[in-house]
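These notes concern the structure reproduced below.
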Amino acid sequence: MSGFIEEVQLYGPGFLEAAWTVFGLTILTIVVSWACGLLAALAQRSKWKSARVAAGFYIWFIRGTPTLIQVFIIYFGLPQIGIRLSPFTAGVIALGINSGAYVAEIVRGGLNAIPRGQNESALALGFSPSETMRTIILPQVFRIILPAVTNEAISTLKNTSLLSTITVVELTLYAQTLIAATFRPFEFYIAVAVIYLLLTTILTFVASWLERRYANLG
Amino acid sequence: MSEQLLKLREIRKSFGENEVLKGVSLDVKAGEVVSIIGASGSGKSTFLRSINALEMPQSGFMEFEGLSFDFRPASRFFPTPSQLQSLRARVGMVFQSYNLWPHMTVLENVTHAPIRLLKLPRARAIEEAEALLSRIGLFEKRHSYPSRLSGGQQQRVAIARALAMKPRLMLFDEVTSALDPELVHEVLVLMASLASEGMTMLLVTHEIAFARDVSSRVLFFDKGVIAEEGPPDILRHPESDRLKQFLHRILHDDVGHSFSNDQGQGAQA
């Protein structure tokens, strides 16, 4: 049996690259999901019925179907209608849209938690509804929902492992490749688990730093 | 002869079946202090909130500083969003529940609107806000967050926040109702000093003594109309039975109690 140091030297760079891919997937997916989530949450309280219906359908569909199927629809389904995406891009879009539905529900809860008077006092000074939303309401919503969106980000990070099925070389697929060559699933899956754990821990630290930073307000 | 500042005609508003304002008209001259009293549900708060269109009336006319509105929905003079903003920027409003923004410091609360809406340079806005905060005795608290302040302090900051926009008219919606009794006084003192400086004010209030001593006119609302109107003296010698009954219900035995005497004695629990 070769030494641990040598093993790390042999497989380490590959794992690092795969971990980096997971990191990139996660960050981009979070960006997409926040955009989708915010848009859907605001659409839900729009005065236009079509916007409310569209947002409701989006959330209903995404929450009611398996994430893996959504990934397949984007990656395998879309080319049929002429939209061909790289595995990485398809993965970010699929997971972003997926997580966005959950973020929308979180944002909706946050919006409901803001007293009506916050909105009124800004409008009464002459702020437009959109500027009120941007400078008065959303900053408060952000503080309220931070713990919940952290959870969502962690689950997004773990969901990136689903993208192994559409050939994104992230941690899971990389490990599977090595296992196919070495027949040592136990060590490699444990190694992968530890790396995921490390990544989610980092994410948790960042989130709790943000929470501490904003905790003293209000 | 002071100028006419605000003119309201036949303001009507219903919530579903419930007609809350049944055609209310009012003229306010610059410098007047108009107190609005009445039982809860009489429409007084809705009326106040319709002046800056936080409650949009269903019909009626309004004139304020060159703006004229016809609130009938299909009207050519129905307020546009930008007209509404321009109206609200010139009409300050203070609420029962203060509604300071908890994510901003006291100073940021006061400077936010002047910087964003009046486009004041930041340094200038801060200078003006600090002058206002000194005036209300809260300069030391300028970097605190609202949650660190007492209710009375928060309400004074809310008044300063409205004043920072240099409004022509101030609306006060039961601004002392949510305060602990010992904190009411500091807010009333500030309002009295604004009144004495000539600020035009409309206030919905339960502080009968304050209304009597500070206002130039009193409106008594009952069931969606102004049931009695006149100089503050009507609070001593009401004409209508409805006002008599109302005053009897809320005053009990402290009729002789006066706001000016309170001021002399300072805050007492």
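The listed protein sequences correspond, in order, to chains R and A.
Each residue of the first sequence is one higher than the last, beginning at 1 in our numbering.
Each residue of the second sequence is one higher than the last, beginning at 1 in our numbering.
No residue lacks a Cβ here, since even glycine has one placed at the ideal position from N, Cα and C.
Inset, instruction - Answer with buried or exposed for A/Leu171, where buried requires no fewer than 16 other C-beta atoms within 10 angstroms of its C-beta. - result: buried
Legend entry - Cross-chain neighbours of R/Arg45 in chain A, by beta carbon under 7 Å: Chain A residues near R/Arg45: none, gap ~17 Å exceeds 7 Å.
Legend entry - Where R/Tyr214 falls: helix, strand or coil (DSSP): helix
Legend entry - Min CB distance A/Arg116 to chain R below 8 Å: yes
Legend entry - A/Ser134 CB to nearest heavy atom of the ligand NAP below 7 Å: This structure lacks the ligand NAP; in fact it carries no ligand of any kind.
Legend entry - Same chain, Cβ closer than 6 Å to A/Phe61, neighbours up to 5 away in sequence not counted: Arg9, Asp70
Inset, instruction - Output yes or no for whether 8 Å exceeds the beta carbon distance between R/Leu85 and R/Leu78. - result: yes
Legend entry - Given 8 Å, three or more beta-carbon pairs between the stretch 200-213 of chain A and the stretch 159-176 of chain A: yes
Legend entry - Counted within 10 angstroms of its Cβ, other Cβ atoms place R/Gln80 as buried (16 or more) or exposed: exposed
Inset, instruction - Classify R/Ala181 as buried or exposed, calling it buried when 16 or more other Cβ atoms lie within 10 Å of its own Cβ. - result: exposed
Legend entry - Pairwise C-alpha distance: R/Tyr189 and A/Gln155: 60 Å
Inset, instruction - Can you have a look at R/Leu197 and say buried or exposed, based on whether 16 or more other CB atoms are within 10 angstroms of its CB? - result: exposed
Legend entry - Backbone secondary structure at A/Gln213 - three-state DSSP: The question names Gln, yet the displayed sequence has Asp at residue 213 of chain A. Helix.
Inset, instruction - Spell out whether any CB of chain R is found under 8 Å from the CB atom of A/His270. - result: Nothing about residue 270 of chain A can be reported from this structure: the residues present for chain A run from 1 to 269 only.
Inset, instruction - Using a Cβ cut-off of 8 Å (strictly closer), state whether R/Glu131 contacts chain A. - result: yes
Legend entry - Contacting residues, own chain, Cβ-Cβ under 6 Å from R/Val22 (five flanking each side not counted): Thr160, Glu170, Leu171
Legend entry - Environment of R/Trp48 [buried if 16+ CB atoms lie within 10 Å]: exposed
Inset, instruction - Compare the C-beta of A/Met56 against all C-beta atoms of chain R and say whether one is closer than 8 Å. - result: no
Inset, instruction - From the DSSP output, in three-state form, read off R/Gln176 for me. - result: helix
Inset, instruction - Would you check if the distance between the CB atom of A/Val277 and the CB atom of A/Ile11 is smaller than 8 Å? - result: Since the first residue of chain A shown is 1 and the last is 269, residue 277 of chain A is not available in this structure.
Inset, instruction - Could you tell me if R/Glu7 is buried or exposed, where buried requires 16 or more neighbouring beta carbons within 10 angstroms of its beta carbon? - result: exposed
Legend entry - Three-state secondary structure (DSSP) of R/Glu7: helix
Legend entry - Contact between the stretch 77-91 of chain A and the stretch 130-146 of chain A (3+ Cβ pairs under 8 Å): no
Inset, instruction - Report the three-state DSSP secondary structure of A/Glu55 (helix, strand or coil). - result: coil
Legend entry - Residues of its chain near A/Ser240, where Cβ-Cβ distance is below 8 Å and the 5 sequence neighbours each way are ignored: Phe220, Ala227, Glu228
Legend entry - Option in A/Pro231, A/His248, A/Met199 with minimal Cα separation from A/Leu5: A/Met199
Legend entry - Unbroken alpha helix (DSSP H) run spanning R/Gln140, endpoints: 138-159
Inset, instruction - For the stretch 60-80 of chain R and the stretch 115-129 of chain R, state whether three or more C-beta atom pairs, one from each stretch, are separated by less than 8 Å. - result: no
Legend entry - Assigned secondary structure, A/Gly198 (DSSP; H/G/I helix, E/B strand, else coil): coil
Inset, instruction - Indicate the three-state DSSP secondary structure (helix, strand or coil) for R/Ile202 in the structure shown. - result: helix
Inset, instruction - Taking only beta-carbon positions, decide if A/Gln153 is within less than 8 Å of chain R. - result: no
Inset, instruction - Could you name the residues of the stretch 62-85 of chain A whose beta carbon sits closer than 9 Å to any beta carbon of chain R, in the order they occur along the chain? - result: Pro81, Ser82, Leu84, Gln85
Inset, instruction - Would you list, in chain order, the members of the stretch 135-165 of chain R that have their beta-carbon closer than 8 Å to a beta-carbon of chain A? - result: Thr135, Ile136, Pro139, Gln140, Arg143
Inset, instruction - Rounded to whole angstroms, what's the CA-CA distance from A/Leu54 to R/Leu123? Just pull it up for me. - result: 8 Å
Legend entry - Simplified DSSP assignment, three categories, for A/Ser25: strand
Legend entry - Distance, A/Arg148 Cα to A/Asp180 Cα: 16 Å
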